[in-house]
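Accompanying notes for the structure given below.
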């Protein structure tokens, strides 16, 4: 993180994962000087592998929003097509029925560009 200007966390909607994201956020906030990078900033968190059919995921997503507020950039749904595309090194654009997931990633990419591009 010495060479980075910004830090972005990715977490899953599980208790331990969210705790790790909190520790990461706090580390970034407290360690910029120690890393010789006082301008290092925490941008936010992306919740991935979210499955609304799992009650614990719903609760942990609510918790993430309480902890991080507007710093929760978005939620990437758990979809087998993501796992399969990753396993076969296949771009999502080549996977049928991937338009919803691709739209989520596109919105995340747009936000990233907006956040890191100097005004």
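In our numbering, the protein residues as written are 577 to 695. Where a beta carbon is used, it is the ideal one built from N, C-alpha and C, also for glycine.
Could you please give the first and the last residue of the uninterrupted alpha helix (DSSP H) stretch that includes residue i?
i	result
residue 671	It is not in any alpha helix (DSSP H) - residue 671 carries neither H nor E in the DSSP assignment.
residue 584	Here residue 584 belongs to no alpha helix (DSSP H); instead the beta strand (DSSP E) covers 582–587.
residue 613	Here residue 613 belongs to no alpha helix (DSSP H), and DSSP marks it neither H nor E.
Where does residue i fall in DSSP's three states?
i	result
residue 683	helix
residue 619	strand
residue 625	strand
Looking at the unbroken beta strand (DSSP E) that takes in residue i, where does it start and where does it end?
i	result
residue 605	Residue 605 -> not in any beta strand (DSSP E); alpha helix (DSSP H) instead, spanning 591–607.
residue 650	648–653
From residue i to residue j, what distance separates their C-alpha atoms?
i	j	result
residue 608	residue 615	7 Å
residue 592	residue 598	10 Å
residue 581	residue 683	21 Å
residue 627	residue 589	9 Å
Just to confirm before moving on: does the CB-CB distance between residue i and residue j stay below 9 Å?
i	j	result
residue 655	residue 689	no
residue 623	residue 651	yes
Touching by the beta-carbon criterion (3+ pairs, under 8 Å), the stretch 660–669 and the stretch 613–627 | no
Between the stretch 643–650 and the stretch 625–634, do three or more beta carbon pairs fall short of 8 Å?
-> no
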